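Here is the structure we will look at.
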Amino acid sequence: MKTLISILVYLILGLLTTKAQTITTNSSSVTVTITDDDEDKSYSRSFVVIDTERNYRVKVRFMESMKEKVKLYLIDQFGKENIIISSDTYLWKQEVDNDEVYTVQLKENRLRINVDKELASQKLIKKIKKVGEELKMITSKEEKI
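Start counting at 1 in the sequence shown, then tack on 105, and there's your number in my numbering.
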């Protein structure tokens, strides 16, 4: 009987310890698809934000026709001097001691942003969150339909 009680006590303590180690994650995802018989009026966008204690991520898939507008906005926000262009991929990144603070990658009609919150300043995190909100507006449905 003592053994059974001991096992139950250890099990309960183990569960309480495990519960204390939970990680908070906030995420939101929006996918919009509007299709019309006329191809010029079709619209599709997927927008995902994942905000954890360690990282902030944005993943966007948008209409190909919006790529130039997105690219110009990113150049305006992150500059031309630290851009790496390879084929159809545009990459901005900042590193500290070979650790990536942030990366912004635009490839075709897909955009990925990743920020390491442990390395980034609060000012940078705030800026990138604002960029994410602006990109949500930029990639929203234009007045085509």
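C-beta atoms are modelled at their ideal positions from N, C-alpha and C, and glycine is treated no differently. Note that the structure is a prediction, hence the values are computed from the model and not measured.
Please go through the same chain and pick out, in chain order, the residues whose beta-carbon is closer than 6 Å to the beta-carbon of Phe167, but skip the five residues on each side of it. Arg150, Asn214, Thr244
Going by DSSP in three states, Ser192 sits in which element: helix, strand or coil? coil
Taking just the CA atoms, how far does Thr157 sit from Gly184? 27 Å
Selected residue, minimal CA-CA separation from Val220, among Leu211, Lys212, Lys231: Lys231
Residue from Ser170, Tyr195, Lys172, Arg162 whose Cα sits closest to the Cα of Val206: Arg162
Segments assigned beta strand (DSSP E), at least 3 residues, entirely inside the stretch 142 to 179: 148 to 157, 160 to 166
Do Leu240 and Val153 count as a contact pair if the criterion is CB distance below 8 Å? no
Straight-line Cα distance separating Glu173 from Gly237: A direct Cα-Cα distance of roughly 17 Å separates Gly237 from Glu173.
How far does the alpha helix (DSSP H) with Glu223 in it extend, from its first residue to its last? Element bounds for Glu223: n/a, residue is neither H nor E.
With DSSP run on the structure shown, which of helix, strand or coil describes Thr108? Looking at Thr108 - three-state DSSP - the assignment turns out to be helix.
Which residues in the same chain as Asp204 place their Cβ atom closer than 8 Å to its Cβ, once the five residues preceding and following it in sequence are excluded? Asp221, Leu224
Anyone know if the C-beta pair for Lys176 and Leu211 falls short of 8 Å? yes
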